[in-house]
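Residue numbers (the numbering used here): 1250 to 1546. Worksheet: one structure, shown below.
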């Protein structure tokens, strides 16, 4: 059994090294193709010219996406009965992660007449459900005073709405990336797609049992006989990555509360018997990115 597990770990390590080398090769290619004098050196080679043109377009696109993280644009609703003649204002939000960009997020807004004033209102969006989009809209795109008093009308600020939404998306992706890095450091496989869809209820019963149950530990926890090194069995997070759970092979469980900027502000660690591990909980406090290093120190 140990040899099979070791082979699995070696395979995971090889896949990680291959991915790292591919990323390194792609980075070197981008740097070389971006050199201003490369086209002259390569001459009129058709393949080289095509690659240089592709890289130039990519550099221009990346520069635009990096400098203009939030962009407004106009679209038209094809529905003949659409409000405001189908005129829709769109907002595209770029989120840079690990030297690249994730899929662009979009928010479509319609203009509504409310209390004799034009009001922007969210029509459609591609924002994940774990992002407090409606709270941001209530704050920066309010629909006017409830009693219709113009003097109490706070007004709308689309610029601040876009900035706040991009900040929420960026911090969420950074927390996601930190959890993925921890799973890689712990030699854990990538979560399955269906697991990612059910992140809101990941292993809730399993974690709860580790805290309150007096039953014998399940087979997921390895027997701690002193001969088997303690390792991390799983690292889980909710959809918003505001709560992270770490499960060890010796039965210990840690539930961590994460702030929006990626810091662990609260930690509850329990041993197999249910007693609280105060020392381990104190070590966990700090940036999410260095959690495993602190726990193993």
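Glycine included, each C-beta is placed from N, C-alpha and C at the ideal position.
Between residue 1253 and residue 1539, the alpha-carbon positions lie close to 30 Å from each other. Straight-line spacing of the CA atoms in residue 1271 and residue 1347 works out to 15 Å. Residue pairing from DSSP leaves residue 1528 without any beta-bridge partner. Residue pairing by DSSP places residue 1373 opposite 1357 in a beta bridge.
Here residue 1344 really is in contact with residue 1422; their C-beta atoms are around 5 Å apart, less than 8 Å. Under a 10 Å Cβ-count criterion, residue 1411 is classified as buried, with 16 or more other Cβ atoms of the shown protein chains found around its own Cβ. Of the residues 1390, 1300, 1302, 1531, the one whose Cα lies closest to the Cα of residue 1403 is 1390. In the structure shown, residue 1515 falls within a strand segment according to DSSP collapsed to helix, strand and coil. Pairing residue 1533 with residue 1338, the inter-Cα distance amounts to about 44 Å. If the five residues before and after residue 1381 are omitted, its C-beta is found closer than 8 Å to the C-beta atoms of 1417, all from its own chain and listed in chain order. Looking from the CA of residue 1320, the closest CA among 1297, 1260, 1353, 1261 belongs to 1353.
Boundaries of the alpha helix (DSSP H) harbouring residue 1411: 1407 to 1434, taken from the DSSP string. Excluding the 5 residues flanking it on each side, residue 1506 has same chain C-beta neighbours closer than 8 Å at 1491, 1492, 1513, 1514, 1515, 1516, in chain order. Within its own chain, the residues whose Cβ lies closer than 6 Å to the Cβ of residue 1486, once the five positions on either side in sequence are excluded, are 1428, 1493, listed in chain order.
One thing to note: residue 1407 has its Cβ no nearer than 9 Å to the Cβ of residue 1301.
Residues of the same chain with a CB within less than 6 Å of the CB of residue 1436, apart from the 5 flanking positions on each side, are 1258, 1261 in chain order. In the assembly as shown, residue 1267 is an exposed residue. Its beta-carbon has fewer than 16 other beta-carbons within 10 Å. Under the three-state reduction of DSSP, residue 1344 is assigned to coil, being neither helix nor strand.
No residue range can be given for residue 1437, since it is assigned to no beta strand (DSSP E) and is classified by DSSP as neither H nor E. Distance between residue 1546 and residue 1273, taken at the CA atoms: about 30 Å. Residue pairing for residue 1322: DSSP places it in a beta bridge opposite 1339. Cβ-Cβ separation between residue 1500 and residue 1480: approximately 12 Å, too far for a contact (criterion under 8 Å). By the Cβ-count criterion, residue 1528 is exposed, with fewer than 16 other Cβ atoms from all chains shown falling within 10 Å of its own Cβ.
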